[in-house]
Amino acid sequence: MHIYLYSARKQAKLNQSQLGEAIGVTAQQYSKRELGEMSITLDEAELLSKKIGKPITELFPEYFFNINVPKMHKKQEV
Numbered sequence: 000m001h002i003y004l005y006s007a008r009k010q011a012k013l014n015q016s017q018l019g020e021a022i023g024v025t026a027q028q029y030s031k032r033e034l035g036e037m038s039i040t041l042d043e044a045e046l047l048s049k050k051i052g053k054p055i056t057e058l059f060p061e062y063f064f065n066i067n068v069p070k071m072h073k074k075q076e077v
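Residue numbers (numbering that gives the first Met the number 0): 0 to 77.
What follows is the structure, given as structure tokens:
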């Protein structure tokens, strides 16, 4: 289950039909995505993010880094 997506949807006072419409699917198909039974594409995630008004990284933190990761440097050979 995408708990952050669910919580954000509830906070925004949107229903599954409204978010399904935003990504071009029925409420039932959207429900399967929210429950994790169907995958959410990156394009769909972007549309949901805009509709809810929260960054993708907040809606799907399990897939995105919220921090900068330092670059790894190669060891120089002597």
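Heads up, the beta-carbon is just placed ideally off N, CA and C, and yes, glycines get one too.
Item	Value
Burial state of residue 51, where buried means 16 or more other Cβ atoms lie within 10 Å	buried
Where residue 2 sits in the DSSP three-state scheme	helix
First and last residue of the uninterrupted alpha helix (DSSP H) at residue 29	26-33
Simplified DSSP state of residue 16, which is helix, strand or coil	helix
Classification of residue 79 by the beta-carbon crowding that lies within 10 angstroms, buried from 16 upward	Residue 79 is absent from the structure shown; the chain starts at 0 and stops at 77.
Nearest neighbour of residue 32, chosen from 20, 0, 72, 69 [CA to CA]	0
Cβ-based burial, residue 7 [other Cβ within 10 Å; buried from 16]	buried
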